[in-house]
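> For the sequence shown, the numbering used here assigns the number 6 to the initial residue and increments by one for each residue that follows. All C-beta atoms, glycine included, are put in the ideal place defined by N, C-alpha and C. The structure presented is a predicted model; accordingly, all values stated were derived computationally and were not measured. Pasting in a structure now, in structure tokens, and then I'll have a few things to ask.
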Amino acid sequence: MPELVWSGKYEADGSRRQPHLPVAALRTVEAGGVAPDETSHTAPNRLIAGETQRVLPALLAELAGQVNLVYIDPPFATGLDFTSTITLPGSERHIRRTAYRDTWGSPDDYLRWMDETLWLLRELLADDGALLLHCDWRAEGMLRLLLDDIFGAENFRNAIIWSYRSGGASRREALARKHDTILLYARSPRFHIRPQIERQYLRKPFMGSACDARGRHYVNTLLRDVLEGEMTCVGADGGLVRYNVRPVLNLSRDRLDYPTQKPLGLLQLLLTLTSDPGDLVLDCCCGSGATAHAAETLRRRWIAADASPLAIQTTRKRLLALAAPRPFIVQRPVHEGEMQVAASAATLTFTVEQSGRAVTVRLTGYTPPPGSMLSTDNSSAADDPTHGLWHLDSWSVDWAHDGAIIRHRAHAARARNGARELSAALECTFADPGHYTIAVHVVDFAAHETTRTVEVTVE
Ligand SMILES: C[S@@+](CC[C@H](N)C(=O)[O-])C[C@H]1O[C@@H](n2cnc3c(N)ncnc32)[C@H](O)[C@@H]1O
């Protein structure tokens with residue numbers, strides 16, 4: 006067999022190096038979503054803030070062989086920093102945020118990380134599970150050989166092409182590069198694809214074509230391994246299911262200001278092809294949270310993780326914006342003896358107004374932590390009618406804080422499209438009198454999180 010070799014692949018005794026990473030505990034720090042009923046015992050979905058090197062060994066200690074599907078859209082060794090610039094409407098303020106850096110010392114460094122990550126992911130997979138690796142022309146060749154090495158070439162199933170039209174990019178030396186490749190590897194021969202029937206509409210009747218109630222001619226064919234545009238499939242009940250796999254462009258309604266965001270429809274189609282309702286789906290480089298969102302809509306269980314605080318904020322906000330997200334927790338890996346995340350040095354002020362059992366928390370001011378990219382802004386507090394609240398992207402209140410987990414019981418967030426306004430007041434009417442700890446949790450545009458608590462007595 007031809008073999009891809011990189012420095013560090015083998016131990017001195019010639020054996021293949023395997024990751025030996027310390028196992029962290031996953032500490033739950035937040036909870037969101039709505040339980041269908043209080044007695045429901047299903048494990049909550051999980052958003053984990055951390056690097057694969059810390060998150061995957063912790064998951065392996067708990068879930069080896071139990072994940073049904075992995076989707077991973079890792080950095081492609083582009084050598085670039087991925088940023089997003091946002092502008093608040095009604096102001097000239099532009100904020101350029103770094104989502105993540107994709108710079109590696111050498112291709113060996115990249116391969117060492119990918120090898121370790123893919124090895125751990127394979128160990129997490131159930132025997133009849135599969136992995137989807139999303140990549141582009143830069144890393145595809147290397148990653149295909151690496152996956153052959155880790156999964157076995159016999160377990161390769163498809164190189165799915167996601168084809169798109171975006172931007173101009175006319176080139177002299179090459180054709181415009183307008184597709185990504187999603188490599189599908191089975192954990193074992195027990196994996197099976199869930200084939201879909203695609204409906205293709207025709208300009209005119211064709212041999213064997215049919216005609217729908219609206220007079221459109223169509224043929225139903227088995228979905229092939231090229232995904233593009235708006236795709237229509239015939240569901241199990243005969244109804245039509247649409248998957249919009251167009252790229253998320255700058256002006257798209259679905260855009261969440263996270264670079265490299267993949268379309269929800271693409272993830273929905275991929276999950277439909279490779280998993281069943283109730284299955285556990287893992288994405289350890291979740292970015293904007295497209296996989297978790299798709300899993301929510303298709304009733305799969307999910308675990309999403311990312312090293313970037315901006316990815317965690319984008320995913321948290323995306324999930325909390327869903328009509329009735331199922332319960333999910335936010336976790337952080339913590340190694341023994343390691344300090345918890347240091348308390349935020351930001352300044353947050355708010356008032357608490359009480360009228361009988363109705364309690365209103367009103368934000369009155371925010372100053373980002375010193376050294377934050379936001380604190381370079383020169384607007385003096387005196388000229389700022391919002392008292393710095395414009396720095397905030399979202400906030401939540403936990404009306405009955407237990408001292409450990411922030412429960413997002415009330416939440417306000419800026420929408421990317423439409424209103425950029427952020428409601429500065431959240432209220433709650435307590436059912437029972439008593440003494441409560443209220444926790445106020447805010448996240449600014451640089452994804453800094455700050456929590457402050459206050460005690461109230463409700464008569
Ligand atoms: C190409 S983006 C994923 C985009 C995502 N599929 C979406 O639809 O938004 C790659 C992601 O990998 C994350 N990442 C890079 N290195 C990582 C690491 N060592 N551990 C965890 N996440 C990492 C980045 O923060 C980034 O969000």
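(1) CB-CB under 6 angstroms to residue 160, same chain, minus the five flanking residues each way: which ones, in chain order?
(2) Please identify the residue among 59, 262, 179 and 416 whose C-alpha is closest to the C-alpha of residue 330.
(3) Return the CA-CA distance between residue 342 and residue 55, expressed in angstroms with no decimal places.
(4) Is residue 236 buried or exposed, if buried means 16 or more other CB atoms sit within 10 Å of its CB?
(5) Where residue 414 and residue 37 are concerned, what is the direct C-alpha to C-alpha distance, given to the nearest angstrom?
(6) Out of curiosity, what's the CA-to-CA distance linking residue 202 and residue 226?
(7) Could you pull the DSSP bridge partners for residue 52 from this structure?
(8) Closest to residue 429 by C-alpha separation, out of 357, 361, 293 and 440, would be which residue?
(9) Please say whether residue 62 and residue 31 have beta carbons closer to each other than 8 angstroms?
(10) Could you check whether the Cβ of residue 266 sits closer than 7 angstroms to any heavy atom belonging to ligand 1?
(11) Using only the heavy atoms of ligand 1, determine whether one of them is closer than 7 angstroms to the beta carbon of residue 449.
(12) Apart from the five residues on each side of it in sequence, which residues of its chain come closer than 8 angstroms, Cβ to Cβ, to residue 362?
(13) I'd like to confirm something about residue 140: is its beta-carbon nearer than 7 angstroms to some heavy atom of ligand 1, or not?
(14) With distances taken from CA atoms, which of 104, 12, 9 and 453 is nearest residue 312?
(15) Need the endpoints of the alpha helix (DSSP H) that residue 271 sits in, please.
(16) Report the rounded CA-to-CA distance for residue 115 versus residue 60, giving the unit in angstroms.
(17) Confirm, please, whether the CB-CB distance from residue 444 to residue 398 is below 8 angstroms.
(18) Compare the C-beta of residue 373 against all C-beta atoms of chain D and say whether one is closer than 8 angstroms.
(19) Would you kindly report the start and end of the unbroken alpha helix (DSSP H) that includes residue 72?
(20) Can you tell me where the beta strand (DSSP E) with residue 86 in it begins and where it stops?
(21) For residue 203, list the residues DSSP reports as bridge partners.
(22) Between the region 296-304 and the region 276-288, do three or more beta carbon pairs fall short of 8 angstroms?
(23) Taking 8 angstroms as the threshold (C-beta atoms), are residue 350 and residue 314 in contact?
(24) So the candidates are 177, 98 and 74; which of them puts its Cα closest to the Cα of residue 130?
(25) Just how far apart, CA to CA, sit residue 186 and residue 9?
(26) Note down the Cα distance separating residue 3 from residue 379, rounded to an integer number of angstroms.
(27) Whether or not the region 135-146 and the region 66-85 are in contact is what I'm after, with contact meaning three or more pairs of Cβ atoms, one per stretch, closer than 8 angstroms; do they touch?
(28) Excluding five sequence neighbours on each side, which residues of the same chain lie with their C-beta closer than 6 angstroms to the C-beta of residue 101?
(29) Considering Cα atoms alone, identify which of 177, 171 and 193 is closest to residue 183.
(30) From what residue to what residue does the beta strand (DSSP E) around residue 359 run?
(31) Go through its chain and collect everything with a Cβ distance to residue 162's Cβ below 6 angstroms, but skip five positions before and after it.
(32) Could you have a look at residue 255 and say whether DSSP puts it in helix, strand or coil?
(33) Round the Cβ separation of residue 355 and residue 372 to the nearest angstrom and send it over; I've been treating them as touching at under 8 angstroms.
(34) So, does the region 144-161 touch the region 109-123, judging by three or more C-beta pairs under 8 angstroms?
(35) Classify residue 284: buried if its beta carbon has 16 or more other beta carbons within 10 angstroms, exposed otherwise.
(36) If contacts are defined as beta-carbon pairs under 8 angstroms, then residue 33 and residue 410 qualify, I think. What distance do you get, rounded to the angstrom?
The structure says:
(1) The residue given as residue 160 occupies position 155 in the sequence shown. The residues are 190 and 191.
(2) Walking along the sequence shown from the start, residue 330 turns up at place 325. The residue with the shortest Cα to Cα distance from residue 330 is 416.
(3) Taking the first residue of the sequence shown as position 1, residue 342 is located at position 337. Taking the first residue of the sequence shown as position 1, residue 55 is located at position 50. Whole-angstrom Cα-Cα distance: 17 angstroms.
(4) Numbered from 1 along the sequence shown, position 231 holds the residue referred to as residue 236. Residue 236 comes out buried.
(5) Locating residue 414 in the sequence shown gives position 409, counting from the first residue. Locating residue 37 in the sequence shown gives position 32, counting from the first residue. Looking at the two C-alpha atoms, the distance is approximately 7 angstroms.
(6) Walking along the sequence shown from the start, residue 202 turns up at place 197. Walking along the sequence shown from the start, residue 226 turns up at place 221. One C-alpha to the other measures close to 6 angstroms.
(7) Indexing the sequence shown from 1 puts residue 52 at position 47. 309 and 335.
(8) What you label residue 429 is simply residue 424 of the sequence shown in a count that begins at 1. Here the closest residue by C-alpha is 357.
(9) Along the sequence shown, read from residue 1 onward, the residue named residue 31 stands at position 26. Along the sequence shown, read from residue 1 onward, the residue named residue 62 stands at position 57. Not closer than 8 angstroms, so no.
(10) The residue given as residue 266 occupies position 261 in the sequence shown. Checking every heavy atom of ligand 1 against the Cβ of residue 266, one is found closer than 7 angstroms.
(11) Within the sequence shown, the letter at position 444 stands for residue 449. The answer is no for residue 449.
(12) Counting from 1 along the sequence shown, the entry for residue 362 is found at position 357. So the qualifying residues of the chain are 434, 435, 436, 438, 463 and 464.
(13) What you label residue 140 is simply residue 135 of the sequence shown in a count that begins at 1. For ligand 1, not one heavy atom lies less than 7 angstroms from the Cβ of residue 140.
(14) Against the sequence shown, residue 312 aligns to sequence position 307. Taking only the C-alpha atoms, the option nearest residue 312 is 104.
(15) Here residue 271 is taken as the residue at index 266 of the sequence shown, counted from 1. Note, residue 271: alpha helix (DSSP H), 269-279.
(16) On the sequence shown, position 110 is the one that residue 115 refers to. On the sequence shown, position 55 is the one that residue 60 refers to. For residue 115 and residue 60, the distance between alpha carbons rounds to 18 angstroms.
(17) On the sequence shown, residue 398 is found 393 positions in, with the first residue counted as 1. On the sequence shown, residue 444 is found 439 positions in, with the first residue counted as 1. Taking 8 angstroms as the Cβ cut-off, residue 398 and residue 444 do not qualify as a contacting pair.
(18) Structure shown: chain D not included; a single protein chain is present.
(19) Reading the sequence shown from its first residue, position 67 is the one you call residue 72. Note, residue 72: premise wrong, no alpha helix (DSSP H); beta strand (DSSP E) at 72-77.
(20) Translated into the one-based positions of the sequence shown, residue 86 becomes position 81. Segment 86-92, the beta strand (DSSP E) holding residue 86.
(21) Within the sequence shown, numbered from 1, the residue matching residue 203 stands at position 198. Bridge partners of residue 203: 226 and 238.
(22) yes
(23) The residue labelled residue 314 in the question sits at position 309 within the sequence shown. The residue labelled residue 350 in the question sits at position 345 within the sequence shown. No, they are not a contact pair.
(24) Within the sequence shown, numbered from 1, the residue matching residue 130 stands at position 125. Taking only the C-alpha atoms, the option nearest residue 130 is 74.
(25) Position 181 of the sequence shown, counting from 1, holds the residue named residue 186. Position 4 of the sequence shown, counting from 1, holds the residue named residue 9. Distance between the alpha carbons of residue 186 and residue 9: 19 angstroms.
(26) Residue 3 lies beyond the stretch modelled for the chain, which goes from 6 to 464, so this question has no answer here.
(27) Counting C-beta pairs closer than 8 angstroms gives three or more between the region 66-85 and the region 135-146, which meets the contact rule.
(28) The residue you call residue 101 lines up with position 96 of the sequence shown. A distance below 6 angstroms between beta-carbons, with the five flanking residues on each side excluded, links residue 101 to the following residues of its chain, in chain order: 88 and 90.
(29) Counted from its first residue, the sequence shown places residue 183 at position 178. Of the candidates 177, 171 and 193, the one whose C-alpha sits nearest the C-alpha of residue 183 is 171.
(30) Within the sequence shown, the letter at position 354 stands for residue 359. Residues 352-360.
(31) As a working mapping, residue 162 is identified with position 157 in the sequence shown. Contacts found: 189 and 191.
(32) The residue given as residue 255 occupies position 250 in the sequence shown. Residue 255: coil per DSSP, three-state reduction.
(33) Position 350 of the sequence shown holds residue 355. Position 367 of the sequence shown holds residue 372. At roughly 13 angstroms, the Cβ-Cβ gap does not stay under 8 angstroms, so residue 355 and residue 372 are not in contact.
(34) Yes: at least three Cβ pairs fall under 8 angstroms.
(35) Here residue 284 refers to the residue found at position 279 of the sequence shown. Residue 284 is buried by the Cβ-count criterion.
(36) For the purposes of this step, residue 33 is taken as the residue at position 28 of the sequence shown. For the purposes of this step, residue 410 is taken as the residue at position 405 of the sequence shown. Yes, they are in contact, since the Cβ atoms of residue 33 and residue 410 sit about 6 angstroms apart, within 8 angstroms.
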